[in-house]
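> If you scroll down you'll find the structure; I have some questions about it.
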Amino acid sequence: MSCGGYRRGMDLLNHDPGREIWTPPGGPPQTDRIPAAVYQAMGEDGIVAFTRAFYRRLSMSSIARMFPKGERNLMAAADKSAAMNVFLMGGPHLYQQRYGPPRLRMRHFPFVIDEAARREWMRCFRETLAEAPAQFGMPAEHVGAVEKFYDDFSKWMVNAKGEETERRRDGETE
0 MSCGGYRRGM DLLNHDPGRE IWTPPGGPPQ TDRIPAAVYQ AMGEDGIVAF
50 TRAFYRRLSM SSIARMFPKG ERNLMAAADK SAAMNVFLMG GPHLYQQRYG
100 PPRLRMRHFP FVIDEAARRE WMRCFRETLA EAPAQFGMPA EHVGAVEKFY
150 DDFSKWMVNA KGEETERRRD GETE
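Residue numbering for the sequence shown follows numbering that gives the first Met the number 0, beginning at 0 and increasing consecutively.
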């Protein structure tokens with residue numbers, strides 16, 4: 000059920016329409032595309048299963064408050080993300096066909112995403128990615144390219160400054 004454009008069960012307390020949205024320096028990521036061989040090997044079903052496993056992991060993480068509550072709502076959100084992942088991993092434009100232009104950065108504005116949240120998201124992604132060749136049919140030789148793409152892309156979703164964000168901006172690393 001939709002409530003003002005958001006799924007019921009989402010923590011809208013993260014959303015403050017008056018807060019300043021921070022923009023990472025350098026603009027959108029400039030990174031290589033994920034090889035189409037990933038989609039060819041996994042197919043839509045494999046990518047959906049991968050994304051659902053990732054979302055289950057996110058639902059138990061320190062950023063779980065950003066994701067819908069309850070299995071049904073969580074899997075609906077995972078399936079929407081999976082449509083985007085199908086496209087990003089070399090498949091058809093399912094997300095665009097179903098939901099319109101991605102506008103991913105804008106769609107993440109309701110959530111306060113700082114560098115710490117991004118790192119937690121990537122931790123969950125990497126854990127799921129480690130299982131991907133055996134469980135979801137991802138070609139092992141492309142795991143590194145998939146990780147690099149999402150790591151680079153996730154930096155563009157950061158929309159709140161924090162101490163870690165400042166260190167990363169100033170060139171410091173973990």
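All C-beta atoms in this analysis are idealised placements derived from N, C-alpha and C, irrespective of residue type, glycine included.
If you drop the 5 nearest sequence neighbours on each side, which residues of the same chain put their C-beta closer than 8 Å to that of residue 56?
Same-chain partners within the cutoff: 123, 126, 127.
> Nearest CA to the CA of residue 30: which residue from 159, 149, 47?
Selected option, being the one with the closest Cα: 149.
> Does residue 98 pass the burial test, meaning 16 or more other C-beta atoms within 10 Å, or should it be called exposed?
With fewer than 16 Cβ atoms within 10 Å of its Cβ, residue 98 is classed as exposed.
> Can you give me the C-alpha to C-alpha distance between residue 109 and residue 41, rounded to a whole angstrom?
Roughly 32 Å separates the two Cα atoms.
> Should residue 157 be labelled buried (16 or more other beta-carbon atoms within 10 Å of its own) or exposed?
Buried, by the Cβ-count rule.
> Is the beta carbon of residue 84 closer than 9 Å to that of residue 50?
Their beta carbons are under 9 Å apart, which means residue 50 touches residue 84 by this criterion.
> Starting from the C-beta of residue 61, find all residues in its chain whose C-beta is less than 7 Å away, skip the five residues before and the five after it, and write them out in chain order.
Here the set comprises 119.
> Does DSSP put residue 53 in a helix, a strand or coil?
Here residue 53 sits in helix by DSSP.
> Taking only the alpha-carbon atoms, compute the straight-line gap between residue 141 and residue 102 and give it to the nearest angstrom.
Computed Cα separation, rounded: 26 Å.
> With the cut-off set at 9 Å, would you say residue 76 and residue 93 are in Cβ contact?
In this structure, residue 93 does not lie closer than 9 Å to residue 76 by Cβ.
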